[in-house]
Each structure stands twice: as structure tokens, then as C-alpha cells.
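Notes for the one structure printed next.
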Amino acid sequence: MTVVSMSAKEFSRLDVLMDLEARRVTVRDACGLLRLKRRQVFRLLKDFRARGAASLISKRRGKPGNNRLPQPVRDLVMTIIKERYPDFGPTLATEKLRETHGCPVSRETVRKWMIEDGLWLDRRRRLPSVHQPRNRRERRGELIQIDGSKHWWFENRGPQCTLLAYIDDATSQLMHAAFVPSESTFDYLRETHRYVAAHGRPIAFYSDKHAIFRVSNTAADGGDGMTQFGRALHELNIDILCANTPAAKGRIERSFGTLQDRLVKEMRLAGISTIEAANAFLPGFLADHNRRFAKEPISPSDAHRPVPQDMVLEDIFAWKEERTVTRNLTLQYDKVLFLLEPTELTRPLARQRVTVIDYPDGRLAIRHNGVDLPYRTYDKLRRVTHAAIVENKRLSEVLAYVAQRQQERDEQRSAKAPRRRGQGERHMFKTP
2 MTVVSMSAKE FSRLDVLMDL EARRVTVRDA CGLLRLKRRQ VFRLLKDFRA RGAASLISKR
62 RGKPGNNRLP QPVRDLVMTI IKERYPDFGP TLATEKLRET HGCPVSRETV RKWMIEDGLW
122 LDRRRRLPSV HQPRNRRERR GELIQIDGSK HWWFENRGPQ CTLLAYIDDA TSQLMHAAFV
182 PSESTFDYLR ETHRYVAAHG RPIAFYSDKH AIFRVSNTAA DGGDGMTQFG RALHELNIDI
242 LCANTPAAKG RIERSFGTLQ DRLVKEMRLA GISTIEAANA FLPGFLADHN RRFAKEPISP
302 SDAHRPVPQD MVLEDIFAWK EERTVTRNLT LQYDKVLFLL EPTELTRPLA RQRVTVIDYP
362 DGRLAIRHNG VDLPYRTYDK LRRVTHAAIV ENKRLSEVLA YVAQRQQERD EQRSAKAPRR
422 RGQGERHMFK TP
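Numbering of the sequence shown is given in our numbering, commencing with residue 2 and proceeding in unit increments.
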């Protein structure tokens with residue numbers, strides 16, 4: 002007598018029947034334990050006395066199910082899959098069998114057959130993803146992880162906003178942080194300017210693959226393949242590295258988890274509900290946070306490099322674009338017409354390239370060979386009034402411009418112009 006292949010339910014029934022046969026339990030108790038009627042219990046007991054424990058094993062054990070598809074159907078389905086869809090998953094293969102071949106086999110059946118034929122691995126047999134720990138950098142300033150966390154930092158007391166954080170990889174020290182309405186290029190330019198002014202130039206920044214940090218469109222024909230943020234770091238000889246997964250920059254991800262717990266509660270106790278108040282609160286909180294959680298670096302030397310004296314950080318961390326000056330000494334930027342003042346300096350610049358410098362605080366400069374050029378503005382998004390034309394000293398240029406653009410009342414901004422999130426109020430008129 003073998004009982005190796007018996008199920009747990011069958012073993013439970015065997016135990017009760019053995020007790021009943023030895024009169025350790027009554028028939029009434031056995032009915033309660035087995036949840037069967039007396040007639041069924043006596044039938045099981047009779048078979049048990051005749052054939053032993055084997056009588057409790059289902060007679061369908063090891064036999065194909067009544068609803069099992071015929072073997073020719075299985076052979077046909079697997080032949081189609083192996084010939085046409087060997088690298089498809091069960092769900093997609095099932096869809097193609099139904100749509101293309103008129104074979105309505107269930108997804109689970111296809112999955113089972115693909116596993117049996119070695120075309121698919123179930124979750125239990127797949128190798129787990131490997132995330133090996135990475136050693137910290139040895140020196141402070143070798144690698145600075147940067148990222149933004151959008152969260153309800155003020156809970157229900159204020160709007161949702163984003164915390165930009167700069168964390169040193171060697172020490173887990175929060176080097177700099179700032180609250181902003183949302184992540185934008187101007188916000189990163191402004192806060193990175195403050196970081197470099199305070200600590201110097203690190204070896205590299207480590208970020209995600211946000212469009213602020215890298216050009217994601219590999220098919221782009223124009224440009225130099227560098228974002229405005231990347232251009233600023235290139236001028237300072239700072240590298241930017243992009244992580245493939247969030248786990249790769251785990252230090253800053255884990256720090257955000259701590260900040261979303263501790264910082265939120267600390268600001269609740271302090272009654273903070275605005276971005277301005279939160280930014281004023283951050284320095285004291287960061288000092289206490291670093292005292293608790295920062296680690297000592299392996300090497301005592303600091304990898305931050307000083308900023309060369311000939312570099313002006315304010316100009317480096319600004320949005321820069323080149324424009325061509327027309328014969329009428331005008332140029333366009335951000336759907337605005339700029340009129341260069343006709344001077345000995347600007348008259349030779351017709352058909353020449355100049356640089357438009359858009360600062361995060363809203364100021365704007367037009368520069369050529371390091372010299373700021375005097376200009377006036379004419380905003381083509383604004384409706385031209387008679388008074389505006391009369392007051393303009395350069396009537397002919399403006400009228401020519403209006404005649405050329407009078408059909409273009411498009412309210413959309415230029416696709417190449419920077420988004421204004423994170424930028425101060427625009428100062429459109431420059432004093433010569």
C-alpha cells in the first residue's frame with residue numbers, strides 16, 4: 002500500500018477513518034470532521050476496509066481532464082508559435098492566434114504550453130533582477146546626485162511643489178536644497194549657480210534622464226546635442242552623468258524618503274505653508290539633517306575645484322541662444338522683436354550673429370564679442386496701437402515689420418524659446 006501521492010485532504014480523511022475503525026471516534030463525530038453525511042461516511046469506511054488507504058485516492062489522478070484540448074490542437078498551436086512567434090509572450094501570442102489564425106485558445110493554456118516547450122519562463126523560475134551595491138566615492142565633491150521630488154510638502158496648508166536636492170555621493174550630505182513650484186531649466190540653472198558659488202565645481206553631477214539634463218531626441222538634426230543646463234556645465238568643465246534606473250542613484254532617492262517624513266513634520270510644527278518660508282527654513286534643517294545622517298568620506302581631501310576668476314557664473318548659468326541681426330538692425334527672440342539702437346557699435350552688425358542671454362531672474366541682454374548692445378523691444382504678441390507707433394522713433398522699421406507680420410496673430414510662443422517656469426519677471430527694456 003502506497004500513500005505517497007495522497008493529497009492533504011486525502012490524508013485528513015485517512016486519519017479520521019483510522020480513528021473510526023479503531024472506535025476512537027463515533028460515526029456522528031466522523032460526519033462532523035469529514036463534513037459528510039452518514040451514508041457517505043459508511044461508503045468510505047467500506048472501501049477503506051476493502052482496499053486500504055488507496056481507496057481514498059481519486060481515480061482520476063494522473064488522467065487527462067475532460068476539458069483538455071486534443072493533442073492535435075496543441076501540436077498545431079505550438080507549431081504556429083514556434084514558426085512565427087517564438088519570442089512573443091503568452092498574451093501577445095494568444096492575440097495573434099485569435100486574430101490571424103482564428104484559433105481561440107485561452108491565454109493560460111498557451112502560457113502552460115509555452116512553459117512546457119521551453120519558450121517561456123514563469124515568474125518563479127526567472128532570475129531576479131540584480132542590483133549590486135556600489136561603493137561610495139572616496140572624496141567629497143567627486144559625484145553630486147541631483148534630482149527633484151514633487152510632493153505635498155506643506156500637506157493641506159499650501160500648494161504642491163518640488164524640492165530640488167544636491168547630495169554628495171561620498172558622504173550622503175545634503176549640500177544644497179531649494180523649494181520651487183516645479184522642475185524647470187531656469188530653476189536648475191539658478192540653484193546650481195548657488196551651489197557652485199558656495200562649494201566650487203564638483204567633478205560630475207549625477208541625474209536622471211530628464212530632458213533638462215540630456216537631449217532625448219536622438220533624431221534631432223539641429224543644435225549641438227546639448228541642453229542649456231549641459232552647456233552651462235560644459236563651460237565650467239563639469240561632467241553630467243545620467244542614471245539608467247532610479248536604483249542607480251539610490252542615495253538621493255532614499256534621502257527623499259527621509260525628507261518626506263521628517264521635513265514635512267518639521268515644517269508642520271513650524272507652521273510653514275509657503276515656498277518662501279520653506280526656503281528660509283531649509284538651512285537650519287539641512288545642518289541638523291547632515292549632523293544626524295552624513296557620513297565621513299574615505300579620503301579627507303575635497304574634490305571641489307575653485308571657479309576661475311575670469312568666469313562669470315551669472316552669465317554661465319543663463320539661457321543663451323544665437324540670433325542673426327537683420328539689415329534693419331532687428332532680431333527676434335521669444336516672439337519679441339528687438340531693435341538695436343543704431344550706433345557706431347551696432348551698425349556693422351547687420352547679418353552678424355549675436356547672443357541673446359536670458360537670465361533666470363528675468364533680465365535679458367544682447368551681446369556680441371563680450372559687449373552688451375543697447376536695444377529696445379517691440380512685442381509682436383501685443384496689439385500695435387497708434388500711440389505705440391507714434392512714440393517709436395524708428396517708424397519705418399516698425400511699420401515694415403507690422404506689414405510683414407499682420408496676419409500672424411498666433412498666441413503660441415516660439416517652440417525654441419525657454420519655458421518661463423522658474424524665471425523672474427521679464428525686464429523687456431534695457432538702458433543703453
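The beta carbon of each residue, even a glycine, is placed where N, CA and C say it ideally should be.
**OP:** Please classify Leu21: is it buried, with 16 or more other beta-carbons within 10 angstroms of its beta-carbon, or exposed?
**Re:** buried
Original post:
Does the beta carbon of Ser302 come closer than 9 Å to any beta carbon on chain C?
Top reply: Among the chains of the structure shown, chain C does not appear; only one protein chain is present.
**OP:** Go through its chain and collect everything with a Cβ distance to Glu11's Cβ below 7 Å, but skip five positions before and after it.
**Re:** Leu57 and Ile58
**OP:** Please classify Lys83: is it buried, with 16 or more other beta-carbons within 10 angstroms of its beta-carbon, or exposed?
**Re:** exposed
Original post:
Using DSSP with H/G/I as helix, E/B as strand and the rest coil, what is Glu323?
Top reply: strand
Subject >> Rounded Cβ spacing between Ile204 and Glu139 (contact assumed at less than 8 Å) >> reply: About 11 Å separates the two Cβ atoms, so there is no contact after all.
**OP:** Identify every run of the alpha helix (DSSP H) within the segment 12–61, keeping only runs that are complete inside it and at least 4 residues long; order them along the chain.
**Re:** 28–35 and 39–52
**OP:** Please state whether DSSP places Thr163 in a helix, a strand or coil.
**Re:** strand
Original post:
For Ile147, which residues does DSSP report across the bridge?
Top reply: Tyr167
Original post:
Quick one: any contact between the segment 188–207 and the segment 301–321, if contact means 3 or more CB pairs under 8 Å?
Top reply: yes
Original post:
What residue does the beta strand (DSSP E) around Ala205 start on, and which one ends it?
Top reply: Ala205 to Ser208
Subject >> For Arg125 and Gly103, the rounded distance between their alpha carbons >> reply: 31 Å
Subject >> Cβ separation of Tyr334 and Glu345, assumed to be a contact under 8 Å, to the nearest whole Å >> reply: That pair is no contact at about 24 Å.
Original post:
With respect to the alpha helix (DSSP H) encompassing Arg252, which residues constitute its N-terminal and C-terminal limits?
Top reply: Gly251 to Ala271
**OP:** Please go through the same chain and pick out, in chain order, the residues whose beta-carbon is closer than 7 Å to the beta-carbon of Phe286, but skip the five residues on each side of it.
**Re:** Leu264 and Glu267
**OP:** Kindly indicate which three-state DSSP category Leu338 falls into: helix, strand or coil?
**Re:** strand
Original post:
Can you tell me whether DSSP reads Ile239 as helix, strand or coil?
Top reply: coil
Original post:
Going by DSSP, what residues sit across from Asp303 in a beta bridge?
Top reply: Arg141
Original post:
So His290 is in the alpha helix (DSSP H); what residue range does that whole segment cover?
Top reply: Ile276 to Phe294
Original post:
Hey, is the segment 246–257 in contact with the segment 170–182, meaning 3+ C-beta pairs nearer than 8 Å?
Top reply: yes
Original post:
Pick from His194, Lys210, Phe282 and Arg24: whose alpha carbon is nearest that of Leu234?
Top reply: His194
Original post:
Are three or more beta carbon pairs between the segment 37–44 and the segment 58–74 nearer than 8 Å?
Top reply: no
**OP:** Please state if the CB of Arg137 and the CB of Pro247 are separated by a distance shorter than 9 Å.
**Re:** no
**OP:** Spell out a yes or no on whether the segment 288–297 and the segment 270–279 are touching, meaning 3 or more CB-CB pairs, one atom from each, closer than 8 Å.
**Re:** no
Subject >> Contacting residues, own chain, Cβ-Cβ under 8 Å from Leu350 (five flanking each side not counted) >> reply: Val326, Leu330, Leu341, His369 and Leu374
Original post:
Name the DSSP beta bridge partners of Tyr196, please?
Top reply: Paired residues: none, contrary to the question.
**OP:** Could you tell me the boundaries of the beta strand (DSSP E) in which Val357 lies?
**Re:** Arg354 to Asp359
**OP:** With DSSP as the reference, label Arg75 as helix, strand or coil.
**Re:** helix
Subject >> Neighbourhood of Val78 by C-beta, 8 Å cutoff - its chain only, sequence neighbours within 5 removed >> reply: Leu98, Cys104, Val106, Val111 and Trp114
**OP:** Evaluate Trp153 with the Cβ neighbour count: other Cβ atoms within 10 Å of its Cβ, from every protein chain shown; 16 or more gives buried, anything less gives exposed.
**Re:** exposed
**OP:** Could you tell me whether the Cβ atoms of Asp240 and Phe187 are closer together than 9 Å?
**Re:** no
Original post:
What separation, rounded to the nearest whole angstrom, lies between the Cα atoms of Glu109 and Gly119?
Top reply: 15 Å
Original post:
In angstroms, rounded to a whole number, what distance separates the CA positions of Thr378 and Arg348?
Top reply: 17 Å
**OP:** Look up Arg212 in the DSSP assignment and say whether it is helix, strand or coil.
**Re:** This sequence places Ala at residue 212; Arg is not what is there. Reduced to three states, the DSSP call for Ala212 is coil.
Subject >> Rounded separation between Leu283 and Ala178 - CA only >> reply: 7 Å
Subject >> Reduced DSSP secondary structure (H/G/I, E/B, other) of Tyr376 >> reply: strand
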